[in-house]
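Down below is the structure, laid out as structure tokens.
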Amino acid sequence: AVVSTQSTGECGFVFGAADTMINYSAISEHKQLTSLFKKYSTGGVMRLLESHRDEVQTIAKGGILIGSSKSCKNEMVLVRNNIISMQSHPDLSPKLMMDKIWPAIVEKGAVSEAKRDFYEQEMTNLHTIPCLQLIREFLKH
Numbered sequence: 001a002v003v004s005t006q007s008t009g010e011c012g013f014v015f016g017a018a019d020t021m022i023n024y025s026a027i028s029e030h031k032q033l034t035s036l037f038k039k040y041s042t043g044g045v046m047r048l049l050e051s052h053r054d055e056v057q058t059i060a061k062g063g064i065l066i067g068s069s070k071s072c073k074n075e076m077v078l079v080r081n082n083i084i085s086m087q088s089h090p091d092l093s094p095k096l097m098m099d100k101i102w103p104a105i106v107e108k109g110a111v112s113e114a115k116r117d118f119y120e121q122e123m124t125n126l127h128t129i130p131c132l133q134l135i136r137e138f139l140k141h
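Residue numbers (this note's numbering): 1 to 141.
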């Protein structure tokens, strides 16, 4: 895989939430994964938290692009049918992002403090719990 600095977002930094569109045609042969995304997404979309400056530009050989968002083309990748790589952060909560990450990126000048309300409102209607449930079920098989 090739990783480079993010080309979108404020100052090349992505922070907030993004809708990841699931590419069902790419995983049509992977029945379990297709079933899980249909179960845990909303109409093939998972709204997840993001906080990153770098992104995967080129997927490694054998990787399958399974999800893209406006801020990151290679948002979710399936590797060897048993690894899901995500650019997003289902491991974080909006509170954790605003309490821990927000002050650091404001201090570094990556985002403006004036946009705090915007980002807090953007981080709603998330698929954090469903995404973690999907990952748990995926890892069981």
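Even for Gly, the Cβ is constructed at its ideal location relative to N, Cα and C.
Element boundaries [beta strand (DSSP E), containing residue 92]: Along the sequence shown, one-based indexing puts residue 92 at 92. Counting along the chain, residue 92 falls outside any beta strand (DSSP E), and DSSP gives it neither H nor E.
Nearest residue (CA-CA) to residue 68, options 53, 85 and 61: If you number the sequence shown from 1, residue 68 lands on position 68. Checking every option, the nearest Cα to that of residue 68 belongs to 85.
7 Å Cβ shell around residue 62 - same chain, five flanking residues per side excluded: Taking the first residue of the sequence shown as position 1, residue 62 is located at position 62. Hits under 7 Å: 79 and 80.
Distance, residue 109 Cα to residue 32 Cα: Taking the first residue of the sequence shown as 1, we reach residue 32 at position 32. Taking the first residue of the sequence shown as 1, we reach residue 109 at position 109. Those two C-alpha atoms are separated by around 43 Å.
For residue 17, the three-state DSSP class (helix, strand or coil): By 1-based counting over the sequence shown, the position of residue 17 is 17. Strand, per DSSP.
Beta-carbon contacts of residue 26 that lie in its chain and below 7 Å, excluding the five residues immediately before and after: Taking the first residue of the sequence shown as position 1, residue 26 is located at position 26. Within the same chain, residue 26 has close Cβ partners 64, 65 and 66.
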